[in-house]
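First the structure, in the form of structure tokens, and then the observations on it.
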Amino acid sequence: MRVLVVEDYAPVRAAVREGLLENGFAVDAAANGEDGLWFAAANPYDVVILDIMLPKLDGLTLLRRLRASGSRVAVLLLTAKDTIEDRVTGLDLGADDYLVKPFAFAELLARVRALVRRRYDVATSLITIEDLEIDTATRTVRRAETSIPLSAREYALLEYLGLRAGELVTRTDIWEHLYDFQSDSTSNVVDVYIGYLRKKLGAPQLIHTRRGQGYILGGQP
Amino acid sequence: VTSIRRRLLVTTAVVTALAFLVSGALVFVLTEGALRSQFDDALRARAQALAALVEQDQQGIESELAVVDRSGDPTEAHQLWNDEGEVLARSEALHDRDLAVADEISGLSYATGFLPDGRPSRQITLRFVPRYDPEDQPAHPQAAVLVVARTTTEVDGIIQRIARVLAGIGAAGIMVSMGLLVVVIRYALSPAQAVATAIAAIGTEALDVRLDRGAAPTELEPIVDRLNDLLARLDGAFTRERELTAEVAHELRTPLSGLRATLEVTLSREREAPRYRTALIDCLAICLQAERVVEAMLALARLEADGVTATAAHVELPELVREVLVPFGPRITERQLTLETTLDPSICCDRDKFRVVLQNLIDNAISYTDTAGTVWIAATSSTLRVTNTGCLLTPAEVVHVFERFWRGDRARSDGAHAGLGLALCKKLVQVMGGTIMAEIDDGRFIVTVAFTK
């Protein structure tokens, strides 16, 4: 899942970025509102973590412009202001969630995961496709009651396919949701990781290829 | 003790009671007088009627008093004497005892005494010459003395009854008027009570309410006005306090959130030693930043407390500026800044406070000048001007630079500036009795401090 962090205070920005990366998210970070808006408009993020007090363009204006441009990305506001008025303003402008500084990183992570689930219309943290179980909270995968160890990249790819199970997922979708600007990826990296996943998941085959279009997890081949 | 209600009640009660007493006494005295004089008139009429029954001829004085002697009537007695003091007639009721005769016997006189049986009485002494037939005229007409006494038991009883009735009416009147007074005074003071209730309802969380001036009686308007003034001042103070608390909370939450996020993410898994070291260095930097915020806030709070005074003295300018610049040396070199100073020999102000102002202004100038920019420090005997190039603020933003916690975009993001330096400068300059202003001129940020005198 790809997340944008817009936060001007460097220590928070760096820690959140690092923590999210370590938890399998692709993360881009912006230090001011203008950059943040540009990033958010240019890439299909799953979640935007947005500070309210930002230089150049404040978070609420950024949010208003983002919504005005038709973006429906999930937005989690992050701020040191915690009056009811602040919360109401933020939520009314189209934010999906609100977290007051200082926050517990585990909570931020849980809220981001919840926003991702809501975005893909999944009710719980456990995704089941036939005999495959993906637990997005513990980031573990089991097939036929057997645990399957995956690398962070492999897990992220499988989780994305799982969230969109039964749908056609294009290479561009995968590319846009799993890789941030700092990922050094070559054009066939997606195919390479699909190959790794297929091998680890074993038979019968769950990931089906639609030649020239993309992949489908589960469902009819 | 100073209850208006009690004071009013006591005063009016005393006045009312006195009024009742005086008017009661007056009514009593007048009624009693009238009754007594009526009694005396009746007594005289009776005495004259009795005297008419006494006549004389040549044989002497004769009376028919025995005929009219109502021996059964215990309320009245009479006795008749001739000139020589010889008793001519006497009521049987007297049983041979004498009635007292008034000493001064000329015409008629009244006296109060007792009947022989001990009952209180009123008596009249009448000295007269009994009538005679002109044809049977005595040689020497004699005078006679008639005393008629009548018990006053009945009239005394009436008077006592009137006294009791008057006392009763008075007591009841006082009681009723006291009751009425309590009600009236409560009614009259109810606006004061309403004001008191309105004041009692004001808590520290709702100081924006004001007492309704129109609802208060004219006498209480000045009090209501002063109370509203006080409320406005309290409201202002509380609002400023709340704003400050919110600002402080916000300012401290930012470094706290940095600390917490850094520490939590670092601790979320096992790491190599250098990675912990980096995290600790980051955390230390955040702590130092928070410390600066707290120190600056405390300095500002101390200045805002009353009683801070400035002591003016001649301050050697070149020496002070040189001293203050020492710690900034490395940063000036690193940022390749040009520093130009134009200084008079001395300035007249409080040395310690001026030093802090100078430090803060130079710190700001060095921090916000563009790389390889220029900082000017110019001072005369009564002014200080610090200028730096590369100012990114707009004129609209410059208005805010002296506000507590205000920061330009550039200052906000670096975390090193609390937004209190210029607020502190302004307060210090005010304490020293000077003025401070900021302006932008062609990308240059200029702060001017001026001391009058």
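First to last, the sequence lines map onto chains F and W.
According to our numbering, the residues represented by the first sequence are 1 to 221, in order.
According to our numbering, the residues represented by the second sequence are 1001 to 1453, in order.
We treat Cβ as the ideally placed atom computed from N, Cα and C, and that holds for glycine.
Being a predicted model, the structure only gives us computed values, none of them experimental.
From which residue to which residue does the alpha helix (DSSP H) around residue i run?
{"i": "A1172/W", "result": "T1153 to A1200"}
{"i": "H177/F", "result": "R171 to L178"}
{"i": "P11/F", "result": "A10 to E22"}
{"i": "P1318/W", "result": "L1317 to L1325"}
{"i": "T1266/W", "result": "E1221 to L1267"}
{"i": "R211/F", "result": "Neither: R211/F is in no alpha helix (DSSP H) and is coded neither H nor E."}
{"i": "W38/F", "result": "G33 to A42"}
{"i": "Y98/F", "result": "Taken as a continuous stretch (DSSP letters only), Y98/F belongs to no alpha helix (DSSP H), being part of the beta strand (DSSP E) at D97 to V100."}
{"i": "V189/F", "result": "V189 to L201"}
{"i": "P1330/W", "result": "G1329 to E1334"}
{"i": "L1099/W", "result": "Run containing L1099/W: none; DSSP gives neither H nor E here."}
{"i": "R1067/W", "result": "Going by the sequence as given, residue 1067/W is Val instead of Arg. From DSSP, the alpha helix (DSSP H) with V1067/W extends over L1065 to V1068."}
{"i": "S1037/W", "result": "I1004 to A1051"}
{"i": "R87/F", "result": "I84 to D92"}
Just confirm the distance between the C-beta atoms of residue i and residue j, as a whole number of angstroms; I'd bet it's less than 8 Å.
{"i": "H1250/W", "j": "A10/F", "result": "Not quite, the Cβ-Cβ distance comes to about 17 Å (not below 8 Å), so this is no contact."}
{"i": "L108/F", "j": "Y98/F", "result": "No, L108/F and Y98/F are not in contact; Cβ-Cβ is about 11 Å, not under 8 Å."}
{"i": "V1224/W", "j": "A1216/W", "result": "5 Å"}
{"i": "L1424/W", "j": "A1299/W", "result": "6 Å"}
{"i": "C1283/W", "j": "L1263/W", "result": "7 Å"}
{"i": "V1321/W", "j": "L1343/W", "result": "6 Å"}
{"i": "E1092/W", "j": "D1069/W", "result": "6 Å"}
{"i": "V1054/W", "j": "I1061/W", "result": "6 Å"}
{"i": "A137/F", "j": "S125/F", "result": "4 Å"}
{"i": "Y160/F", "j": "V141/F", "result": "Their Cβ separation, rounded to whole angstroms, is 13 Å, which puts Y160/F and V141/F out of contact at 8 Å."}
{"i": "L157/F", "j": "L178/F", "result": "6 Å"}
{"i": "S1257/W", "j": "V169/F", "result": "Not a contact, Cβ separation roughly 36 Å."}
{"i": "G166/F", "j": "G219/F", "result": "4 Å"}
DSSP has residue i in a bridge; who is on the other side?
{"i": "D1441/W", "result": "R1444/W"}
{"i": "F1114/W", "result": "P1120/W"}
{"i": "F147/F", "result": "It is Ser, not Phe, that sits at residue 147/F in the sequence shown. S147/F pairs with R142/F."}
{"i": "G1060/W", "result": "D1057/W"}
{"i": "V75/F", "result": "V48/F"}
{"i": "A152/F", "result": "Answer by DSSP bridge pairing: none, since A152/F is not bridged."}
{"i": "F1128/W", "result": "A1144/W"}
{"i": "W1376/W", "result": "E1340/W and T1387/W"}
{"i": "S1109/W", "result": "T1125/W"}
{"i": "T1435/W", "result": "A1450/W"}
{"i": "H1314/W", "result": "C1348/W"}
{"i": "L217/F", "result": "I207/F"}
{"i": "A165/F", "result": "Partner(s): none; A165/F has no beta bridge."}
{"i": "A1149/W", "result": "A1077/W and Q1123/W"}
Suppose you measure from the CA of residue i to the CA of residue j; what does that come to, to the nearest Å?
{"i": "V1315/W", "j": "I1347/W", "result": "5 Å"}
{"i": "D82/F", "j": "A1273/W", "result": "37 Å"}
{"i": "L20/F", "j": "P1318/W", "result": "54 Å"}
{"i": "Q222/F", "j": "D173/F", "result": "Because residue 222/F is not part of the residues shown, which for chain F are 1 to 221, the question remains open."}
{"i": "E1403/W", "j": "P1345/W", "result": "32 Å"}
{"i": "L1189/W", "j": "A1025/W", "result": "34 Å"}
{"i": "L1008/W", "j": "A1310/W", "result": "54 Å"}
{"i": "L1392/W", "j": "F1445/W", "result": "9 Å"}
{"i": "P1191/W", "j": "A1198/W", "result": "10 Å"}
{"i": "G1033/W", "j": "G1214/W", "result": "58 Å"}
{"i": "L1018/W", "j": "G1173/W", "result": "12 Å"}
{"i": "T1338/W", "j": "L1244/W", "result": "38 Å"}
{"i": "V73/F", "j": "V1248/W", "result": "33 Å"}
{"i": "F1130/W", "j": "G1157/W", "result": "Looking at the sequence provided, one finds Pro at residue 1130/W rather than Phe. Whole-angstrom Cα-Cα distance: 36 Å."}
{"i": "V5/F", "j": "L50/F", "result": "6 Å"}
Would you mind reading off the limits of the beta strand (DSSP E) that contains residue i?
{"i": "C1349/W", "result": "S1346 to C1349"}
{"i": "T128/F", "result": "L126 to I129"}
{"i": "I4/F", "result": "Checking the sequence shown, residue 4/F turns out to be Leu, not Ile. Counting along the chain, the beta strand (DSSP E) containing L4/F begins and ends at R2 to V6."}
{"i": "E1076/W", "result": "E1076 to N1082"}
{"i": "A1089/W", "result": "V1087 to R1090"}
{"i": "L132/F", "result": "L132 to D135"}
{"i": "V27/F", "result": "A26 to A30"}
Sufficient close CB pairs (3 or more, under 8 Å) joining the segment 16 to 34 of chain F to the segment 1279 to 1299 of chain W:
no
Would you call the segment 1165 to 1182 of chain W and the segment 1198 to 1205 of chain W touching, i.e. three or more CB-CB distances under 8 Å?
no
Contact between the segment 1119 to 1135 of chain W and the segment 1083 to 1090 of chain W (3+ Cβ pairs under 8 Å)
no
Segment contact flag, the segment 1174 to 1183 of chain W with the segment 1146 to 1165 of chain W, C-beta cutoff 8 Å, min 3 pairs
no
Say whether the segment 23 to 30 of chain F touches the segment 1289 to 1298 of chain W, bearing in mind that this needs 3 or more beta-carbon pairs closer than 8 Å, one atom from each stretch.
no
Take every Cβ of the segment 1425 to 1442 of chain W, pair it with every Cβ of the segment 1348 to 1355 of chain W, and state whether three or more of those distances are shorter than 8 Å.
yes
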